[in-house]
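So the structure is just underneath, and the comments pick up after that.
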Amino acid sequence: MKNYLILTSMILCLILSCKQKKLNNEVVINVKDSIETSISKKEIKTINQKPYFVGSGSEPFWSLEIFSDSIVYRTPTNVVRMPNVKPILAQDSNVKRYQIETESSKMAIQITQKECANDMSGEISPYAVSIEKKQNTETVYETLEGCGKYITDYRLHDIWVLESLNGREITNKDFSQEFPNIEIYSAQNTFLGFAGCNQMNGTIFFEKDLLRFSNLVTTERICGPANKEYEFLRALQSSIRYSIENNRLTLSNPSENLIIFKKVD
2 MKNYLILTSM ILCLILSCKQ KKLNNEVVIN VKDSIETSIS KKEIKTINQK
52 PYFVGSGSEP FWSLEIFSDS IVYRTPTNVV RMPNVKPILA QDSNVKRYQI
102 ETESSKMAIQ ITQKECANDM SGEISPYAVS IEKKQNTETV YETLEGCGKY
152 ITDYRLHDIW VLESLNGREI TNKDFSQEFP NIEIYSAQNT FLGFAGCNQM
202 NGTIFFEKDL LRFSNLVTTE RICGPANKEY EFLRALQSSI RYSIENNRLT
252 LSNPSENLII FKKVD
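Sequential numbering of the sequence shown, starting at 2, is according to the working numbering.
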């Protein structure tokens, strides 16, 4: 009887021990899953966030990426991530200067719109980049020179058909053939389309929150008196801002919305 009680007690302890081990293992697994999920979401967010300006230079090699919320400076041996700040704008030319100060360093980044050639490859970029930087323990700034470009919003790359012009929804009375439409090529900064009577093409100028349609060329077909092509082209070339929401591309200037396009599926 005594041996039976001892054996029963041993079996009961073994069952409780295994159950506790299983519970512990389950907790570890759940915590691990939670950590992996958190990391995965963070990676997805990082992948989806794209820089709107990139620059680089050689001797020494460096690169620069400007995001909506941060500025990343890289060298072959170091990566520095700094908060983005509102740039100081020059009054008489397209020059932006970012003054950044952290606990350990200071950096001034100047972006100037002018033709810039890479020292090694000879590749031409539309912007020159100058960087002055130093650690807080240093007294002399190091100056770096390079080139850069803005990355045009990939969401613009699509076919858009006119829906509203100067605050009024268009009808067949405005464009009897077909409504004006435009196809934008973000990677090439070009566009082509139909203006309501004539074919058109041109280039786009893009910076953060800025979009201009320029170098516009059209065919020379004679349009009817009721056709609103001239009004459309004038509004297109007068716009300087854009927004994309609900499959709509809105072009505007500081005082009013000029054009609303609808995305073509």
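Backbone N, C-alpha and C define an ideal beta-carbon position, used for all residues, glycine too. Just so you know, these numbers come straight off a predicted model, no measurement behind them.
DSSP three-state assignment for residue 29, whether helix, strand or coil: Position 28 of the sequence shown holds residue 29. Low confidence applies to residue 29: its pLDDT is 34, below 50, so where it sits in the model is not reliable, and the reading given next is rough at best. Three-state result, residue 29: helix.
Ends of the beta strand (DSSP E) at residue 242? Counted from its first residue, the sequence shown places residue 242 at position 241. Run containing residue 242: 242-246, per the beta strand (DSSP E) assignment.
Residue 262 and residue 237 closer than 8 Å at C-beta: For this step, residue 262 is matched to residue 261 along the sequence shown. For this step, residue 237 is matched to residue 236 along the sequence shown. Not a contact, by the Cβ cut-off of 8 Å.
Touch test, the stretch 168-178 against the stretch 130-147, Cβ-Cβ under 8 Å, three pairs minimum: no
Check whether the stretch 191-198 and the stretch 223-242 are in contact - that is, three or more C-beta pairs closer than 8 Å. yes
Whole angstroms is fine: what's the gap from residue 145's alpha carbon to residue 84's? On the sequence shown, residue 145 is found 144 positions in, with the first residue counted as 1. On the sequence shown, residue 84 is found 83 positions in, with the first residue counted as 1. Cα to Cα, the separation comes out at about 20 Å.
Apart from the five residues on each side of it in sequence, which residues of its chain come closer than 6 Å, Cβ to Cβ, to residue 252? Along the sequence shown, read from residue 1 onward, the residue named residue 252 stands at position 251. 240, 243, 259, 260.
Taking the straight line between their C-alpha atoms, what separation do you get for residue 119 and residue 167? Looking up residue 119 in the sequence shown gives position 118. Looking up residue 167 in the sequence shown gives position 166. Rounded to whole angstroms, residue 119 to residue 167 spans 43 Å at the Cα level.
Between the C-alpha atoms of residue 177 and residue 183, what's the straight-line distance to the nearest angstrom? For this step, residue 177 is matched to residue 176 along the sequence shown. For this step, residue 183 is matched to residue 182 along the sequence shown. C-alpha separation (whole angstroms): 17 Å.
Buried or exposed for residue 55, going by 16 or more other Cβ atoms inside 10 Å? Within the sequence shown, residue 55 is the residue found at index 54, counting from 1. Flag for residue 55 reads buried.
Considering only residues of the stretch 75-140, which uninterrupted beta strand (DSSP E) runs meet the minimum length of 3 residues and lie entirely inside it, listed in chain order? 79-84, 96-102, 106-118, 125-136
Determine the extent of the alpha helix (DSSP H) in which residue 177 is found, giving its start and end residues. Counted from its first residue, the sequence shown places residue 177 at position 176. Taken as a continuous stretch (DSSP letters only), residue 177 belongs to no alpha helix (DSSP H), as it is neither H nor E.
Along the chain, where does the beta strand (DSSP E) that runs through residue 66 open and close? Here the question's residue 66 lines up with position 65 in the sequence shown. Counting along the chain, the beta strand (DSSP E) containing residue 66 begins and ends at 63-67.
Assign residue 155 to one of three DSSP states: helix, strand, or coil. As a first step, residue 155 must be located in the sequence shown, where it is residue number 154. Looking at residue 155 - three-state DSSP - the assignment turns out to be helix.
On the criterion of 16 or more Cβ atoms from any shown chain inside 10 Å, does residue 66 qualify as buried, or is it exposed? Locating residue 66 in the sequence shown gives position 65, counting from the first residue. The residue is buried, with at least 16 neighbouring Cβ atoms inside 10 Å.
If we count the other Cβ atoms within 10 Å of its Cβ and call it buried at 16 or more, is residue 153 buried or exposed? Position 152 of the sequence shown holds residue 153. The residue in question, residue 153, is buried, as its Cβ has 16 or more Cβ neighbours within 10 Å.
Could you check which residue in 50, 155, 169, 180 has the C-alpha nearest to that of residue 257? By one-based count along the sequence shown, residue 257 stands at place 256. Of the candidates 50, 155, 169, 180, the one whose C-alpha sits nearest the C-alpha of residue 257 is 169.
What is the DSSP secondary structure of residue 222, reduced to helix, strand or coil? Position 221 of the sequence shown, counted from the first residue, corresponds to residue 222. Correct three-state label for residue 222: coil.
Neighbour-count burial assignment, residue 181, 16 or more Cβ in a 10 Å radius: In the sequence shown, residue 181 corresponds to position 180, counting from 1. Buried is the call here.
Among 147, 113, 109, which residue has its Cα nearest to the Cα of residue 124? Sequence index remark: in the sequence shown, residue 124 carries index 123 (1-based). For residue 124, the nearest C-alpha among the options comes from 147.
Closest to residue 92 by C-alpha separation, out of 86, 113, 105, 101, would be which residue? Locating residue 92 in the sequence shown gives position 91, where the first residue counts as 1. Of the listed residues, the one whose Cα sits closest to residue 92 is 113.
Alpha-carbon spacing of residue 59 relative to residue 163, whole angstroms: Locating residue 59 in the sequence shown gives position 58, counting from the first residue. Locating residue 163 in the sequence shown gives position 162, counting from the first residue. Answer to the nearest angstrom: the Cα atoms are 45 Å apart.
What whole-angstrom Cβ distance do residue 186 and residue 53 have, given they're in contact under 8 Å? Within the sequence shown, the letter at position 185 stands for residue 186. Within the sequence shown, the letter at position 52 stands for residue 53. Between residue 53 and residue 186 the Cβ distance is about 18 Å, and since that is not below 8 Å, they are no contact.
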